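Below, the structure written as structure tokens:
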């Protein structure tokens with residue numbers, strides 16, 4: 001009888017063993033979860049359920065959405081992923097048309113006028129714009145295929161988020177998978193909070209960083225694999241508090257403690273050895289994935305002993321393929337805009353430029369990035385809304401207008417006496433058009449400037465803007481070249497210029513724009529004609545008042561304001577100048593023969609000038625970037641009254657970071673060609689070694705004749721060289737650079753320059 005019952009039990013099919021996978025949070029260290037998935041699939045270990053928090057929720061959601069471990073690894077290693085987590089835009093979606101001129105600001109303070117001035121700093125340390133749409137591209141189709149039911153994903157999934165208002169954990173199981181994942185990675189002080197199923201949420205690790213309890217409650221698996229990449233304790237008390245440690249404290253103070261005993265007997269706890277890796281550094285992707293893989297493989301004998309069931313590779317691939325190719329139709333019928341008034345909504349919808357009745361995801365992305373490029377908005381959060389009655393979709397943008405006032409603060413510090421401070425003020429007013437008033441000020445011993453602008457943006461079928469600009473610049477070379485610069489002679493030059501320009505522009509593709517302009521310029525140069533000065537001397541003075549008109553075609557995808565390592569910048573402009581030069585001689589040459597023949601002069605000048613500048617990095621990887629720059633100027637400008645005034649008014653080539661702070665006669669000509677190579681070696685994260693060399697070839701170099709007349713030396717008679725070698729650290733306060741610079745100039749300039757911040761200036765009137 002006993003034998004009969006034993007045979008009967010053996011003949012009854014056993015219950016299939018269900019396996020749950022729990023991924024903890026831990027910031028960048030959560031990339032180790034990808035290695036766990038690789039090891040499990042390679043050994044045919046089934047994964048029937050997933051729960052995840054923070055980065056564990058991101059990796060888990062991608063697997064639940066049907067991505068293979070290899071595909072997830074490929075995405076994590078991509079440049080796009082690094083852009084998302086660091087808040088950088090893809091170059092094709094920067095919309096350069098809306099971008100304001102570069103300036104040396106490093107801090108912004110925003111003020112909103114309501115019943116007074118309410119100052120606030122930016123609420124997020126990292127821009128979430130690229131991340132928001134990346135999640136839509138990765139997960140929206142899977143969410144549609146599952147009809148927003150997380151149990152119907154390729155692998156049933158729970159995404160843990162934190163409702164900070166009620167101080168409760170929420171295990172999201174329905175709704176938009178995109179929003180749930182965006183919510184679970186909303187680290188306080190880093191990303192803005194978002195709504196998940198009607199509630200504002202933050203990182204799930206606030207209340208549950210290791211959701212074993214969610215796995216047990218919602219799925220009741222037979223066996224649990226728990227992978228923890230987060231720890232709130234340190235084995236040794238630190239001797240020094242550095243930036244990385246502070247970074248860890250800021251993150252860990254928000255996370256709930258991970259309890260390794262919560263798995264119970266029917267489970268295995270895995271903790272990869274990721275000591276030395278930080279939660280905010282997403283660069284060592286391969287190393288972190290390897291750590292997760294190695295830790296799982298070390299436990300694989302125990303995993304195989306505990307889990308008898310195996311997956312079939314072919315069946316798994318077929319089931320994944322069936323889910324992915326359900327292809328719930330993801331077309332968008334309606335565009336919704338919330339959070340702003342009716343006039344502002346009209347501006348947004350015109351800017352979005354919906355031409356078709358139904359839009360696909362590519363159309364949505366193009367319109368979305370066109371809107372977020374506009375500085376009139378502080379937040380533009382994208383949402384996909386499913387209409388369950390007719391199973392169609394709408395695209396919604398939750399818009400928050402930019403604060404009325406923005407204050408930018410910056411500048412740079414240098415070992416040379418060219419340091420300055422920067423203050424920028426901007427006022428925005430948005431209705432059916434976008435109005436922007438701006439002003440900025442530079443203050444320093446070498447350079448002073450004030451600029452005021454007024455711009456109106458029209459969101460037509462072909463967007464365009466009109467702008468008025470006033471700029472005043474003052475350059476004092478008397479004090480600019482005393483420290484770490486070798487010079488045979490002192491410089492006695494003081495320049496100022498003013499311009500009032502009216503311009504209009506239209507976009508050219510995503511990264512370009514075309515402008516036309518017209519206006520008035522005035523330049524005033526005071527100088528010593530022979531680089532000498534004695535007490536009682538008066539400088540020569542040359543002024544030039546002119547009308548100017550021209551055009552500019554620009555394209556820019558460079559990844560940095562200064563010291564770029566990838567992308568390109570192209571500028572083509574043409575200008576016409578018509579004006580009067582007035583020359584008043586000083587008395588510095590009074591002891592020279594022929595001085596009695598020098599008198600005041602007045603001349604009318606007309607000339608055209610065409611200039612092309614192209615900088616591009618043709619090779620760029622993690623360790624090395626190779627770039628080139630070429631520049632050419634073609635002009636029929638005539639000589640001014642004397643040699644020095646001709647040089648000062650001539651087009652100049654500025655190859656190095658400090659070139660605009662130097663008076664270099666050998667790098668000026670009416671027409672010239674110049675080119676150079678840029679070698680950038682990445683020594684470690686954010687630290688580059690740059691070695692650059694340039695050649696400058698004037699078509700007809702200037703020569704001095706008699707006392708101070710000008711003549712051409714002859715076609716291609718001379719050429720000059722410039723080179724630099726130095727280290728650059730890209731810090732939150734801007735670049736920190738130490739370089740050795742050499743110019744093949746009559747002054748024989750060479751020297752060492754150290755600076756902190758962006759060495760940038762307003763444009764000159766004759767540039």
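Residue numbers (UniProt numbering): 1 to 767.
All C-beta atoms in this analysis are idealised placements derived from N, C-alpha and C, irrespective of residue type, glycine included.
Values in this document were obtained by computation on a predicted structure and should not be read as measured data.
Check, Outcome
"Should residue 510 and residue 94 be called a contact, given that it needs their Cβ atoms to be closer than 8 angstroms?", "yes"
"Sort out for me which residues DSSP pairs residue 710 with in a bridge.", "704"
"Please list, in chain order, all residues of the same chain as residue 717 whose beta carbon is under 6 angstroms from its beta carbon, the five residues on each side excluded.", "701"
"Could you name the residues of the same chain whose beta carbon sits closer than 6 angstroms to that of residue 503, not counting the 5 residues immediately before and after it, in chain order?", "467, 515 and 517"
"Looking at C-alpha atoms only, which residue of 478, 138, 638 and 620 is the closest neighbour of residue 79?", "620"
"Opposite residue 330 in the DSSP bridges: which residues?", "BP columns for residue 330 are empty, so no partner."
"Helix, strand or coil for residue 520? Go by DSSP, reduced to three states.", "strand"
"Taking the straight line between their C-alpha atoms, what separation do you get for residue 52 and residue 63?", "11 angstroms"
"Using only alpha-carbon positions, find the residue among 657, 762 and 708 that is nearest to residue 751.", "657"
"Assign residue 191 to one of three DSSP states: helix, strand, or coil.", "coil"
"Does the distance from the CB of residue 498 to the CB of residue 471 come in under 8 angstroms?", "yes"
"Quick one: what's got a C-beta closer than 6 angstroms to residue 18's C-beta in the same chain, skipping five residues either side?", "48, 221 and 222"
"Quick check on this structure: which residue in 192, 579 and 213 has the alpha carbon closest to the alpha carbon of residue 203?", "192"
"For residue 496, list the residues DSSP reports as bridge partners.", "474 and 524"
"Do you know how far the Cα of residue 337 is from the Cα of residue 459?", "16 angstroms"
"Which same chain residues, not among the five before or five after residue 764, have their C-beta less than 8 angstroms away from its C-beta?", "473 and 497"
"Since I believe residue 180 is in contact with residue 196 (beta carbons under 8 angstroms), could you give me their beta-carbon distance rounded to a whole number of angstroms?", "5 angstroms"
"Within its chain, find whatever has a CB closer than 7 angstroms to the CB of residue 326; leave out the 5 residues flanking it on each side and keep chain order.", "145"
"Under 8 angstroms: do the region 286 to 295 and the region 266 to 274 share three or more Cβ pairs, one atom per stretch?", "yes"
"Using the beta-carbon count (16 or more within 10 Å), is residue 785 buried or exposed?", "A question about residue 785 goes unanswered here, because the residues of the chain that appear run from 1 up to 767."
"Could you tell me whether the Cβ atoms of residue 129 and residue 73 are closer together than 8 angstroms?", "no"
"For residue 533, which option in 552, 500, 588 and 549 has the closest C-alpha, if you only look at C-alpha atoms?", "588"
"Evaluate the contact criterion for the region 585 to 605 versus the region 664 to 677: three or more CB pairs, one atom per stretch, below 8 angstroms.", "no"
"Just reading off the beta strand (DSSP E) that residue 421 is part of, what are its end residues?", "420 to 430"
"Hey, which unbroken runs of the beta strand (DSSP E) at 3 residues or more fall wholly within the region 47 to 92?", "49 to 53"
"Mapping the DSSP letters down to three states, classify residue 184 as helix, strand or coil.", "helix"
"Suppose contacts are defined by Cβ-Cβ distances below 8 angstroms. Is residue 86 in contact with residue 304 by that definition?", "no"
"Can you give the Cα-Cα distance for residue 773 and residue 135, rounded to whole angstroms?", "No information on residue 773 is available, as it lies outside the stretch 1 to 767 that the chain covers here."
"Assuming residue 544 contacts residue 576 under a Cβ cut-off of 8 angstroms, what Cβ separation, rounded to an integer in Å, is found between them?", "Not confirmed; about 14 angstroms, so no contact."
"Per DSSP, residue 504 forms a beta bridge with which residues?", "466 and 516"
"Can residue 557 and residue 572 be called in contact, C-beta distance under 8 angstroms?", "no"
"Would the beta-carbon of residue 182 fall within 8 angstroms of that of residue 164?", "no"
"Return the chain-ordered list of same chain residues with a C-beta closer than 8 angstroms to the C-beta of residue 650, the five sequence neighbours on each side being excluded.", "637, 668, 669, 670 and 702"
"Does the beta-carbon distance from residue 527 to residue 492 come in below 8 angstroms?", "yes"
"Does the Cβ-Cβ distance between residue 606 and residue 645 come in under 8 angstroms?", "no"
"Give the range of the beta strand (DSSP E) segment to which residue 398 is assigned.", "392 to 401"
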